[in-house]
Amino acid sequence: MDDQHDADCGCQEYNELSRRQFLATSAGVSAAAFFPAWLPKIVMAKNYASTRDIIVSVFQRGGADGLSLCVPFADPNYYTSRSTIAIPRPDSSSTNKGINLDGFFMFPQAMAGGAAGTGGLIPAFKASDLLIVHATGQLNNSRSHFDAQRYMEVGKPVDPSLVTGWLGRHLASIPPLKPDAPLRGLGVAAGLQKTLVGAPKTLPIADPTNYSIGGSATTQPQRVAFLQGDYAGADEPLHSAALDAANTVGLLKAVNFAGYVPANGAVYPNSSFGRALRSVAVLIKNDVGIEAAQVDIGGWDTHSAEDPIAGSMFRTMQDFSNSLAAFYADVIATGYSVTLVSVSEFGRNVRENGSQGTDHGRGTVMFAMGKGIVGGRVLTEDTA
Amino acid sequence: MGSPSPLGDARVRLITTTEAEAWQTKEVFKPIFSWDTPDGFPDKIEYWAGNIVPRWGFGTTLSNLNSATTIAVDTTLYRAGSPDAAIDLIDQNFFGGEMPTVTRTGLLTYIKAGTFNDARVRETIALAISANAFQWY
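Going down the list, the sequences are from chains A and B. 1107 is the number of the first residue of the first sequence in our numbering; add one for each residue after it. 119 is the number of the first residue of the second sequence in our numbering; add one for each residue after it.
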C-alpha cells in the first residue's frame, strides 16, 4: 500500500504542512485538562513505581472525520446532512453497509476489515479492549490545523507559551522503567513531534530500522566512539543528546527488525503508518526500555471527494484500521502492557460541502486501546 | 533570509543530487516555513540536539560524494603527506586553525588506527565535520 492518501484532498494550509513534513514544532494530542475524565485513567493513573503501561500515541493529522470513522447511523441528521458520502445503515441491503457496533453507531467496512465485519478493529472492540469516544476535542474556536495540532500536542488550548508536549511532561515527571535505558521515548518522525518535547532520553527517529551514521559498518563502532568522546565536553543538552544518540545507534543495531515475526499472524500494512507501528512493536517486545512512542498518520483533511466507501477516506481509514489491528493482535492481545490512544486536531462538519467532502469542524472521535481499557463501547456526551 | 540557517539550508539543497541525499537534507535541516519562533527555525538547542544522528550521517554523505558530473570530494591533497599532516590540513580548511585539542587527538587516533587511504581520510573528514566544535560553534 502506498501513502498516496496522505496527499489527498487537503486544504492549502494542511498541504503546506504535509509537504514540509511538519516536524517537531507541529501538532498533537490530548490533554487531561479538557478531555473526558476517562483519559487520566488510561494515561497516568498507574502507580509509577509499578510496571505502568507503555503509551503509544497516534495523531491523525489533518482533522479526521469522526462521523465516518464511527458512524451514528441511528441519528437521522447524519443521512440528511450527507446526501452523497453517507455510509449505508447496517440493516440495509447495500453491499457497502456498515458494521453495527451497538445499535446506534457502526464502523464503515474500511474500519472493520471488509463486508464480513470480522477484521480491522472489530476484534479489539469485541474483546472490550477498544474504547471509542465520540464528540471529543478542544474548546478552541480555531479551525487552523497548525493551531489546533499545537494545542492538542501541548495539552492546553490557546497558550503559546507552553512548549512541552503532554507526553513529554509525563515522561519527565516519572522515573524510567529501566534506569539505564538510552531511549525512553521515540517519535517516529524526522523531527520530534511536539507531543514528546520535554521528555528525557527521547529521540525522533524517522526509520528505526535504519538508524545509523552511514558509511562502513565495520568502522561505525570506532566512528561512533570518536563522536561520543568528542561530545563528552559539550554543553548540555548536547552532551546528553550525543551520548544517548550514540547509545541508541548501538541499541537499534542490535535489534533484529528485518527478522521480526509478529505474533498471532498479524500483518502490518506496508505503509508509513504500518511500518512505524511495526517498528514500535519490535522495540516494545525487545524490552529496550521504550516507555512512550508517537506515531503519525496523515490524509484526514478531506475537503473534497471524501468517499469513505471506496475513495480517499476509505484508503486512509483502511490503513489506520489495519495497522492498529495488527498492533493489537501482535502486542496488546498477547499481553504486553501497552495503551494506545489516537486523536486528531479536530473533526469535520456534519454537513457535507459541495465538493463531496467535509470542511473543518469541532469534535471528532478518539480511540483508546489496551488491556487496561474498559472498551467495547462508544462513549458520547450522554454516556461518558 | 533572517538567519544563516536558511542560507545554509538553501545552499545544501542546491547541491543535493539524489533522492537519498535530498531526504537526508530534509532530516538534517528543518524544512522551511514550519512556523515556529522566531522565524520558522527553532531557537531551542533541544530541537537540534535531538537531530544529532542525522547530522552525523549527513557528514558521512558529504565526505563520500564522488560524482563524475556534480560534486566529488578529492582526498588526494589530504593523503599527500602523513596522517598528522592530513589532520593539520583539516584543521586549517575546516576549523580555521582552531580545532580543539580533544578533536585533534581523537581524529589523529582514528586516522592512525587504520590504513591511511582514501576511505580512511573520507571517514576522518566526516568525523571532523560532525564534531562538536564544527557543528555547534
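Even glycine gets a Cβ: it sits at the ideal position worked out from N, Cα and C.
Tell me which residues share the same chain as I208(B) and place their Cβ nearer than 8 Å to its Cβ, disregarding the 5 neighbours each side in the sequence.
So the list reads Y196, M217, L225, T242, I243 and A246, once near-sequence residues are dropped.
Which same chain residues end up closer than 6 Å to A1180(A) when comparing Cβ atoms and leaving out the 5 residues on each side of it in sequence?
Same-chain partners within the cutoff: F1210.
Closest to R1290(A) by C-alpha separation, out of L1277(A), V1330(A) and P1194(A), would be which residue?
Ranking L1277(A), V1330(A) and P1194(A) by Cα distance to R1290(A) puts L1277(A) first.
Measure from the C-beta of A167(B) to each C-beta in chain A and report whether the shortest distance is under 8 Å.
A167(B) counts as touching chain A.
Leaving aside the five residues before and after I1415(A) along the sequence, list all residues of the same chain whose C-beta is less than 6 Å from its C-beta, in chain order.
Same-chain partners within the cutoff: N1202.
Could you check if L1389(A) is buried or exposed, using at least 16 other CB atoms within 10 Å of its CB as the buried criterion?
Per the 10 Å Cβ criterion, buried.
Would you please state the rounded distance, in angstroms, between the beta carbons of L1175(A) and M1217(A)? I believe it to be under 8 Å.
The pair is a contact, with the Cβ atoms about 6 Å apart (cut-off 8 Å).
Is the distance from the Cβ of R240(B) to the Cβ of N182(B) below 8 Å?
Going by C-beta atoms, R240(B) is nearer than 8 Å to N182(B).
Put I1238(A) into one of helix, strand or coil per three-state DSSP.
Correct three-state label for I1238(A): strand.
Within 8 Å (strictly less), CB to CB, does G1339(A) reach chain B?
Yes - at least one Cβ of chain B is within 8 Å of the one on G1339(A).
State the beta-bridge partners of F1179(A) as determined by DSSP.
In the DSSP output, where bridge partners are listed per residue, F1179(A) has none listed.
Give me the residue from A1287(A), V1355(A), L1302(A) and K1300(A) with the minimum Cα distance to G1320(A).
It is V1355(A) whose Cα lies nearest to the Cα of G1320(A).
Counting along the chain, where does the alpha helix (DSSP H) carrying A1475(A) start and finish?
Residue 1475(A) is actually Met in this sequence, not Ala. First-last for M1475(A): T1470 to M1475, but that is the beta strand (DSSP E), not the alpha helix (DSSP H).
Check the Cβ-Cβ distances between I1396(A) and every residue of chain B, and say whether any is below 8 Å.
No, its Cβ sits nowhere closer than 8 Å to a Cβ of chain B.
Using only CA atoms, which one of N1316(A), N1247(A), Q1244(A) and E1397(A) lies nearest to A1360(A)?
When only C-alpha atoms are compared, the closest one is N1316(A).
Compare the C-beta of A231(B) against all C-beta atoms of chain A and say whether one is closer than 8 Å.
Output row for A231(B): interface = yes.
Find out if the Cβ-Cβ distance for the pair A198(B), A1347(A) is shorter than 8 Å.
No, the pair does not count as a contact, with Cβ atoms beyond the cut-off.
In this structure, what does DSSP give as the bridge partners for L1309(A)?
Paired residue(s): L1292(A).
Going by beta carbon distance, what residues of the same chain come within less than 8 Å of A1431(A), once the five residues before and after it are set aside?
Excluding residues within five positions, the ones whose Cβ falls inside 8 Å are G1219, G1225, G1226, L1227, P1229, A1230 and A1372.
Output the distance between the C-alpha atoms of M1258(A) and Q1244(A), rounded to the nearest integer angstrom.
If you take the alpha carbons of M1258(A) and Q1244(A), they lie about 7 Å apart.
I want to see whether chain B comes within less than 8 Å of D1402(A), judged by CB atoms only; does it?
Not one chain B Cβ lies under 8 Å of D1402(A).
If the cut is a Cβ gap below 7 Å, which residues of chain A does G214(B) touch?
Near G214(B) there are no residues of chain A at all, since even the closest Cβ is about 18 Å away, more than 7 Å.
Exposed or buried, which one is E1397(A) when buried takes at least 16 other CB atoms within 10 Å?
Buried.
Is it the case that the Cβ atoms of Y1337(A) and N250(B) are separated by a distance below 8 Å?
It is a contact, given that the beta carbons lie within the stated cut-off.
Flag this pair as yes or no: are the beta carbons of M1419(A) and L1236(A) separated by less than 8 Å?
No, Cβ-Cβ distance for M1419(A) and L1236(A) is not below 8 Å.
Rounded to a whole number of angstroms, what is the C-alpha to C-alpha distance between A1284(A) and G1395(A)?
At residue 1284(A) the sequence reads Lys, which differs from the Ala that was named. K1284(A) and G1395(A): Cα-Cα distance of roughly 6 Å.
Using a Cβ cut-off of 9 Å, pull out every chain A residue sitting near A203(B), in sequence order please.
By Cβ distance, chain A contributes nothing, its closest Cβ being about 19 Å from A203(B), past 9 Å.
From D1425(A) to G1380(A), what does the alpha carbon distance come to, in whole angstroms?
When rounded, the distance between both Cα atoms is 7 Å.
Output, in chain order, the set of chain A residues within a Cβ distance shorter than 7 Å of S248(B).
The contacting residues are L1333.
Please state if the CB of G1441(A) and the CB of S1234(A) are separated by a distance shorter than 8 Å.
For S1234(A) and G1441(A), no; Cβs fall outside 8 Å.
Which residues of the stretch 169-181 of chain B have a Cβ closer than 7 Å to any Cβ of chain A? Give them in chain order.
Taking 7 Å as the Cβ-Cβ cut-off against chain A, the residues of the stretch 169-181 of chain B that qualify are N169, I170, V171, W174, G175, T178 and T179.
Got a sec: is the Cβ-Cβ distance from R1329(A) to anything in chain B below 8 Å?
Output row for R1329(A): interface = yes.
Within 10 angstroms of its Cβ, does N169(B) collect 16 or more other Cβ (buried), or is it exposed?
N169(B) comes out buried.
Checking the sheet assignment: what are the DSSP bridge partners for L1446(A)?
Partner(s): V1162(A) and M1475(A).
Going by DSSP, what residues sit across from F1213(A) in a beta bridge?
Paired residues: I1205(A).
DSSP beta-bridge partners for D1402(A)?
Answer by DSSP bridge pairing, in chain order: F1165(A).
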